[in-house]
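Each remark here refers to the structure printed beneath this line.
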Amino acid sequence: MLIQTDLAKLLLRVTLAVLLLFHGVHKLIHGIGGVKSLVLSHGLPEFLAYGVYLGELIAPIFILLGLYGRFASGVVVINMLMAIYLAYGFAWTLGGHGGLVWETPLLYLVLALSIIFLGSGKYAVNSK
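428 is the number that the numbering used here gives the last residue of the sequence shown; the numbers go up by one with no jumps.
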């Protein structure tokens, strides 16, 4: 039973990290102009836009490795809360297929919260 739990934690970490890394690498290649404009349009300082690199590149690498996974997942939670706020304003708007328009960042947020609650598991760099 313990082995299944640790494999589930590994699957959770790998899923969150890899999916977020796609977004982070895209921003690394193409820049964060869109994020900067969202930050500025909300009256926030431009330097906050660079936090997207922390939340979508650095933190996912830590999560993937299981290195300070709870802390790194906390960074992702903050990143996703900001993403939802900046892009959607937490509006309960449905998209063209019936789902909440901000369901993807919400799913990332819930996955990161799950890692905070469960920990990284046995298959992690700093496992206990």
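No residue lacks a Cβ here, since even glycine has one placed at the ideal position from N, Cα and C.
(1) Closer than 6 angstroms by C-beta to Lys-486: which residues in its own chain qualify, once you throw out the five before and the five after it? Chain order, please.
(2) For Gly-333 and Phe-347, I'd like the C-alpha separation in whole angstroms.
(3) Given this structure, state the Cα-to-Cα distance separating Ser-341 from Val-425, to the nearest angstrom.
(4) Mapping the DSSP letters down to three states, classify Leu-316 as helix, strand or coil.
(5) Look at Gly-355 and Leu-320 and say whether their C-beta atoms are less than 9 angstroms apart.
(6) Pull the bridge partners of Leu-394 from the DSSP assignment, please.
(7) Taking the straight line between their C-alpha atoms, what separation do you get for Ile-361 and Ser-337?
(8) Report, in whole angstroms, the separation of the C-beta atoms of Arg-313 and Gly-374, which I expect to be a contact under 8 angstroms.
According to the structure data:
(1) Because the chain is modelled from 301 through 428, residue 486 falls outside the range shown and cannot be assessed.
(2) 12 angstroms
(3) 40 angstroms
(4) helix
(5) yes
(6) Leu-400
(7) 26 angstroms
(8) About 14 angstroms separates the two Cβ atoms, so there is no contact after all.
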